[in-house]
Amino acid sequence: MTDIHGNSAALSAVLQDMECHRISHVYCLGDMIAIGPDTNEVLEALFARSDVTMVAGNHEDAVMALLEGKQPLSHGREREHHEWIAAQLDRSFIPRLARLPRAINEMHEGKHLLMLHYHLNGRQQFLPIEKAPSADKLDALYRHSAADAVCFGHHHPVHYFQSARRSYVNPGSLGCCDRPLARYAVMRLSEEAIVTELKAVPYDNRDFLASYTKRNVPDGDFILNVFHGNQQIVP
-7 MTDIHGNSAA LSAVLQDMEC HRISHVYCLG DMIAIGPDTN EVLEALFARS DVTMVAGNHE
53 DAVMALLEGK QPLSHGRERE HHEWIAAQLD RSFIPRLARL PRAINEMHEG KHLLMLHYHL
113 NGRQQFLPIE KAPSADKLDA LYRHSAADAV CFGHHHPVHY FQSARRSYVN PGSLGCCDRP
173 LARYAVMRLS EEAIVTELKA VPYDNRDFLA SYTKRNVPDG DFILNVFHGN QQIVP
């Protein structure tokens, strides 16, 4: 799962759906916080579990920079939003957020998995979003990698590519969608293959959408339009 973006209702729907599958471990690929107002609820649900491993995303980077008195990469309205998120953040989460890695390399069933928020340069900085990714472009980017699968997020649409070298999986943003759907992926590993199932779980997002107004989220109307497709809140 990736890009929960402060949407606890969507996360709850996914965690409940996972109970229907034999999930051995959950990997959360960054941007758990910001955009949505439920930062503390999301982090509480994730940190309470022993079967979840997380990496840091650009929104964790920005909020942590503010909390540490540094200059975040965000500016303008985005920075104002990050300042609001930082002010709302339960301080008990700060040490754990500070320890989140940039990437995770894991071996399961003889398969090498690389999991990260987004593609990194040599200085461990996130690359600009590739608007039209493809297997060929990703193979070129990861030409020196031994990974059998690269899992990432950051770019909110779903992307799944299978090349002769490896699988590339972006399950899409869990918390930001223009429909009431929470997205994630299930990967089943064996020595012979990696089988990926892209999931989209329906959930009731009316209270979540209404919370932007109720909680006075900075630039709430802009966020609802850009990140949630300006869905109408119907009682």
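Under my numbering, the first residue of the sequence shown carries the number -7, and numbering increases by one thereafter.
For glycine and all other residues, C-beta sits at the position ideal for the given N, C-alpha and C.
Quick check: the Cα distance between residue i and residue j, rounded to an integer number of angstroms?
i, j, result
"LEU119", "SER66", "15 angstroms"
"VAL209", "GLY167", "16 angstroms"
"TYR204", "ARG157", "43 angstroms"
"MET107", "ASP213", "32 angstroms"
"LEU190", "CYS143", "12 angstroms"
"LEU201", "ALA57", "28 angstroms"
"SER0", "SER137", "34 angstroms"
"ALA192", "PHE219", "17 angstroms"
"GLU75", "GLN116", "24 angstroms"
"THR63", "VAL55", "According to the sequence displayed, residue 63 carries Gln and not Thr. Between GLN63 and VAL55, the C-alpha separation is close to 10 angstroms."
"ALA90", "ASN217", "31 angstroms"
"ASP196", "GLN224", "13 angstroms"
"ARG14", "ILE96", "22 angstroms"
"ARG135", "ALA127", "11 angstroms"
"ILE121", "GLU183", "32 angstroms"
"ARG94", "THR45", "12 angstroms"
"ASN222", "ARG198", "12 angstroms"
"ARG41", "ARG83", "19 angstroms"
"GLU70", "ARG207", "17 angstroms"
Does the distance from the CB of residue i to the CB of residue j come in under 8 angstroms?
i, j, result
"SER165", "HIS151", "no"
"GLU98", "LEU181", "no"
"ALA139", "VAL161", "no"
"LEU105", "VAL47", "no"
"GLY(-2)", "PRO29", "yes"
"GLY68", "HIS146", "no"
"LEU7", "ILE(-4)", "no"
"ASP23", "HIS51", "yes"
"ASP211", "HIS73", "yes"
"CYS20", "MET(-7)", "yes"
"ALA5", "ALA174", "yes"
"LYS103", "ALA141", "yes"
Under three-state DSSP, which class holds residue i?
i, result
"LEU112", "strand"
"TYR195", "coil"
"MET24", "coil"
"ALA141", "strand"
"ILE186", "strand"
"MET(-7)", "coil"
"ASN50", "helix"
"GLU98", "strand"
"LYS62", "coil"
"ARG279", "For the chain, the structure presents residues -7 to 227; residue 279 sits outside this window and is missing."
"LEU7", "helix"
"ARG88", "helix"
"ARG41", "coil"
"LEU181", "strand"
"VAL209", "coil"
"TYR19", "strand"
"HIS220", "helix"
"ARG14", "coil"
"SER165", "coil"
"SER126", "coil"
Between residue i and residue j, which are expected to be in contact by the criterion C-beta below 8 angstroms, what is the C-beta distance as a whole number of angstroms?
i, j, result
"ASN32", "LEU81", "7 angstroms"
"VAL18", "ILE25", "That pair is no contact at about 17 angstroms."
"ILE186", "SER159", "5 angstroms"
"ILE215", "ILE27", "6 angstroms"
"LEU133", "HIS109", "Incorrect: roughly 15 angstroms between the Cβ atoms, too far for contact."
"LEU59", "ILE86", "6 angstroms"
"PRO172", "PRO194", "6 angstroms"
"PHE240", "ARG88", "Residue numbering for the chain in the displayed model covers -7 to 227; residue 240 lies beyond these limits and cannot be assessed."
According to DSSP, what are the bridge partners of residue i?
i, result
"GLN154", "SER159"
"LYS276", "It is not possible to answer for residue 276, since the shown part of the chain is limited to -7 through 227."
"PHE228", "Lying outside -7 to 227, the shown extent of the chain, residue 228 is not represented and no answer is given."
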